[in-house]
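Residue numbers (the UniProt record's numbering): 1 to 174. Here's the structure we're looking at; comments come further down.
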Amino acid sequence: MQYVLLFTVLFTIITLIYSPVNVLGYIGIFLCFLLSALGTAKGILSIANYVSGASIKSPRIGTKSILGTVVCEANFLTGIITCVMLNNTMHQKLPDKAHYIYFCSGLFVGMCNYFSSVATGLLCAVISMMDAKDPSLFYKIVVLEIIPASVGLIGFIMGIVLNSKAPSFATVNQ
């Protein structure tokens, strides 16, 4: 997994150095989709590993881990929505500054979704393990899953704001 991220970072740096600016927006779309997908995969994998082991001792925790899985999938869906929004607004003839903003928008949303999904997966796994030990702790600690979920939501809102600001650079003289 870390080799994929390392390759993506190196590829992005090389592309930023040797490519025209118009490609930056499409690299932002690629990074948004890739980071959202990798984060969702890592989050759901950690949930599945812990829940499959702990459900042997107490089978009731299998259904209580659905919230973490839903949050990871919601992060992936917000990444796809951002990719579609970026792709639909980049077809115009825009100046270089707008393409930099599209790149940053895709990168921010992808990174926020990645970290939100990984944190949600780890937290849901820990909550499932604690629930297997003591069922009275579940409803007290499940509120903590809202915190990493809000990171993904903040990234999505930031991507929408950046996406709406980019076309305003088309009217400004360079």
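The C-beta atom is built at its ideal place from N, Cα and C for all residues, glycine as well. In this text the structure is predicted, and so the values were computed from the model without any measurement.
Rounded C-alpha distance that separates residue i from residue j
| i | j | result |
| --- | --- | --- |
| C32 | G155 | 11 Å |
| M130 | L6 | 34 Å |
| L137 | A166 | 46 Å |
| Y114 | M158 | 15 Å |
| K93 | M85 | 16 Å |
Segment limits, alpha helix (DSSP H) that includes residue i
| i | result |
| --- | --- |
| L153 | 146-165 |
| S105 | 96-133 |
| L86 | 66-89 |
| F30 | 22-54 |
Residues near residue i in its chain [Cβ-Cβ closer than 7 Å; skip 5 each side]
| i | result |
| --- | --- |
| I27 | T12, T15, F103 |
| A149 | V71, S116, T120 |
| D96 | V21 |
Integer-rounded CB distance, given that residue j should sit under 8 Å from residue i
| i | j | result |
| --- | --- | --- |
| G152 | C112 | 6 Å |
| S52 | I61 | Not really, about 10 Å apart at Cβ, beyond 8 Å. |
| T8 | L34 | 6 Å |
Close Cβ partners of residue i (< 8 Å) along its chain, the five nearest in sequence each way excluded
| i | result |
| --- | --- |
| I47 | S65, G68, T69, C72, G121, C124, A125, S128 |
Interface flag, residue i vs chain D, CB-CB below 8 Å
| i | result |
| --- | --- |
| I146 | Absent from the structure is chain D; it holds one protein chain and no more. |
Residues near residue i in its chain [Cβ-Cβ closer than 6 Å; skip 5 each side]
| i | result |
| --- | --- |
| T78 | F156 |
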